[in-house]
Amino acid sequence: MASFSTEILKLILEFFLDDIKSLLSCLVINKQFAQVTTSIIWENPWKYVEKRDEIKLLNIIISFLPDKSRKILKEHGIFIPLPSKPPLFDYVSLCRNLVYSQINLMTELITCLPEYNVSKVSAIQISDNRNDSTNLLGQSETYNFYLIKQEIYKMYVGRCQSLERLEFHDIDIPLPFFKGAERIFLNLCELHCDTSLLSGTYYRMAQICQNLERLIIEDCCYDNDGLTTLIEAQTKLKYLKIITKGSEEHGNSRYNRYSKISSAMSSQAHSLLYFEIGGSFVKGISPVTIATFENLQNLNIGFQGKYEDILKYSSFPQLRVLECHHVSNPLDILINFIERTNGLIEKISFEINNVTDFHLIRQYNQSIARYCPNIKFLTTWFTIGDAADFKYMLISCPKLEHLTIGSYENEGEYYIAKIEELVNVINEVESEMKPRLLKLWRIEFRFAWEIRNMLPLSNYLRKRREKILRSNSKKPLKMMELYFSTSFMYTLKEDEKIELIERLEHYKLEELIKNFGFSEYEKLC
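With UniProt numbering, letter number 474 in the sequence shown gets 474, and the count goes up by one each step, no holes.
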């Protein structure tokens with residue numbers, strides 16, 4: 001067998017990160033494969049373990065608990081048995097991901113499993129609290145849980161060579177102050193956290209790790225001076241996600257709740273490429289701050305409400321992707337935003353909502369045609385009255401591959417589009433583009449569509465397949481995929497549903513389409 005350098009072999013085997021069976025098979029090839037495969041698996045072992053094997057994994061990990069930690073736990077009635085034989089590798093040192101939920105799971109297993117003999121009430125506590133046994137038991141279990149969790153964290157910090165990813169939400173654990181923290185957090189790339197952590201924890205992290213590339217603030221409830229300092233200390237931050245939550249506590253009004261964090265975000269404006277914001281407090285982060293992200297390429301908005309201020313005041317010349325979820329927003333704001341971009345947008349995805357002004361659909365499609373020549377993924381509407389503008393859009397966007405398309409509906413006023421009308425427009429476009437075909441290979445239908453006449457679709461799919469088979473292109477077109485939201489299916493009678501499914505299954509058997517499906521709209525986006 002040809003020999004590889006360890007670095008090259010690791011790059012090869014990392015292609016199997018999502019195929020644990022293939023990865024495990026590499027363990028028995030030879031010693032080098034076994035070592036490299038082991039290092040890959042143990043970067044994040046909980047990713048691969050099944051529930052029935054959790055205890056086995058726990059036993060391996062906990063076997064590395066240092067003697068000092070075992071002694072501390074033993075003094076509190078928690079007995080961690082020594083392993084019957086030493087492990088083959090220093091597995092814990094290979095870990096690159098540290099996740100608080102996994103630490104809590106290990107702690108829960110230890111407190112529940114009889115082999116760990118976790119005393120419910122420690123001798124020290126009994127001597128000090130004999131008169132209140134009910135309160136004693138509650139305090140003892142909580143304290144034992146804390147001690148176990150603390151010593152597991154210490155073990156990881158002490159043994160890991162270096163961490164790449166950390167999810168940390170344990171307010172009671174002084175993680176960056178443990179021995180070894182400077183070593184393992186120095187090259188930390190990704191941090192998941194929230195504003196409940198003590199400022200001191202973040203101050204210490206800011207002193208150690210200044211090379212974060214991804215920061216995810218999952219519960220942003222109020223300003224945090226320490227988190228502000230950590231954000232400002234970064235030199236390579238490219239990805240920022242913030243989920244706004246909270247109440248009117250700590251003297252912060254709803255509209256200045258994150259003023260310090262917002263200001264700190266501005267300090268990273270030059271490096272941020274991806275920004276995702278969501279939650280319940282739309283104006284928690286100032287739109288003026290977001291507008292400073294001059295090099296932003298990906299904007300993902302997930303507010304439960306209107307978000308027009310973000311798009312109204314922003315202009316991102318490098319933007320490639322715009323995604324909006326669970327939102328309601330005036331379409332004219334979106335149109336104006338698109339017209340201020342620099343023609344680089346490749347994806348516009350949003351949950352299709354009601355459009356107050358019917359004429360805005362035409363204006364929206366016109367804006368896509370004029371300002372988005374590189375778009376590959378598009379969400380829009382179709383009406384036969386706007387067929388000319390829709391056709392112009394398809395011709396002007398030759399790279400379009402994925403189309404999420406809805407008929408028009410708003411407060412009792414609606415237009416039920418016909419699939420045959422859409423197919424006819426696509427046919428007309430391809431006739432004008434000869435000998436080229438549209439790259440469009442995936443269509444998702446939203447709202448009500450009439451499907452009584454499927455013949456135009458059948459003819460189009462057959463013609464498209466023939467052209468694909470005759471093509472000598474090095475990159476042949478993909479076979480078509482058709483998807484329908486459940487809201488679309490609700491508009492059909494039972495016999496229409498059956499007929500549609502039978503036709504689609506027939507198309508798949510004939511290899512006219514690669515796949516089809518029915519799903520909640522949110523899962524299609």
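Idealized CB from N, CA, C, for every residue including glycine.
DSSP-derived helix/strand/coil call for residue i
i           : result
Gly-226     : helix
Leu-17      : coil
Lys-85      : coil
residue 561 : Outside the shown range of the chain (1 to 525) lies residue 561, about which nothing can therefore be said.
Asp-172     : coil
Lys-347     : strand
Ile-375     : coil
Lys-283     : coil
Ser-63      : coil
Leu-482     : strand
Phe-145     : helix
Ile-451     : coil
Phe-516     : strand
Glu-432     : helix
Cys-26      : helix
Thr-6       : helix
Lys-245     : coil
Asp-219     : strand
Leu-272     : coil
Leu-457     : helix
Asn-365     : helix
Ile-310     : helix
Asn-97      : strand
Tyr-258     : coil
Leu-240     : strand
Ser-127     : Low confidence applies here, because Ser-127 scores a pLDDT of 38, under 50, leaving its location unreliable; read the following figure in that light. In the structure shown, Ser-127 sits in a helix (DSSP, three-state: H, G or I).
Ile-12      : helix
Ile-80      : coil
Gly-180     : coil
Where the alpha helix (DSSP H) containing residue i begins and where it ends
i       : result
Thr-289 : 287-290
Phe-488 : 486-490
Leu-437 : Careful: Leu-437 lies outside any alpha helix (DSSP H) and carries neither H nor E.
Leu-331 : 331-339
Gly-200 : 199-208
Lys-508 : 494-509
Ala-233 : Careful: Ala-233 lies outside any alpha helix (DSSP H) and carries neither H nor E.
Ile-352 : Where Ile-352 is concerned, there is no enclosing alpha helix (DSSP H), given that its DSSP letter is neither H nor E.
Presumed contact (8 angstroms Cβ cut-off) between residue i and residue j, rounded CB distance
i       : j       : result
Arg-165 : Arg-70  : Between Arg-70 and Arg-165 the Cβ distance is about 28 angstroms, and since that is not below 8 angstroms, they are no contact.
Ser-199 : Asn-224 : 6 angstroms
Ile-335 : Ser-315 : Rounded, the Cβ-Cβ distance is 14 angstroms, inconsistent with contact.
Ile-375 : Leu-394 : Their Cβ separation, rounded to whole angstroms, is 11 angstroms, which puts Ile-375 and Leu-394 out of contact at 8 angstroms.
Asn-295 : Leu-273 : 6 angstroms
Arg-320 : Ile-345 : 6 angstroms
Arg-464 : Leu-437 : 7 angstroms
Reference residue i; option with closest CA among the options
i       : options                            : result
Asp-386 : Cys-209, Tyr-408, Tyr-460, Tyr-274 : Tyr-408
Leu-440 : Ile-419, Ile-333, Leu-477          : Leu-477
Asp-88  : Thr-292, Ser-39, Lys-10            : This sequence places Leu at residue 88; Asp is not what is there. Per the Cα distances, Ser-39.
Asn-44  : Leu-27, Met-480, Leu-11, Gln-102   : Gln-102
Thr-195 : Ile-216, Phe-177, Leu-273, Tyr-116 : Ile-216
Ile-384 : Leu-188, Tyr-274, Ile-419          : Ile-419
Glu-496 : Leu-24, Met-454, Pro-83            : Met-454
His-402 : Phe-382, Leu-422, Leu-378, Lys-474 : Leu-378
Arg-462 : Lys-434, Phe-484, Lys-514, Phe-447 : Lys-514
Glu-308 : Gln-318, Ser-84, Phe-293, Cys-324  : Cys-324
Leu-197 : Leu-186, Ser-286, Tyr-100          : Tyr-100
Arg-362 : Ala-388, Phe-337, Ile-173          : Ala-388
Phe-337 : Ile-352, Leu-17, Leu-299, His-359  : Leu-299
Residue i, enclosing beta strand (DSSP E) - first and last residue
i           : result
Arg-446     : 442-446
Arg-165     : 165-167
residue 561 : Absent from the structure is residue 561, since the part of the chain shown begins at 1 and ends at 525.
Val-321     : 321-324
Ile-104     : The residue asked about is misnamed: residue 104 is Asn in this sequence, not Ile. Asn-104 -> not in any beta strand (DSSP E); alpha helix (DSSP H) instead, spanning 100-112.
Leu-299     : 298-303
- Item | Sequence ranges, beta strand (DSSP E) only - wholly within the stretch 382-424, length at least 3 | Complete beta strand (DSSP E) runs here, min 3: 402-406, 408-410, 413-415.
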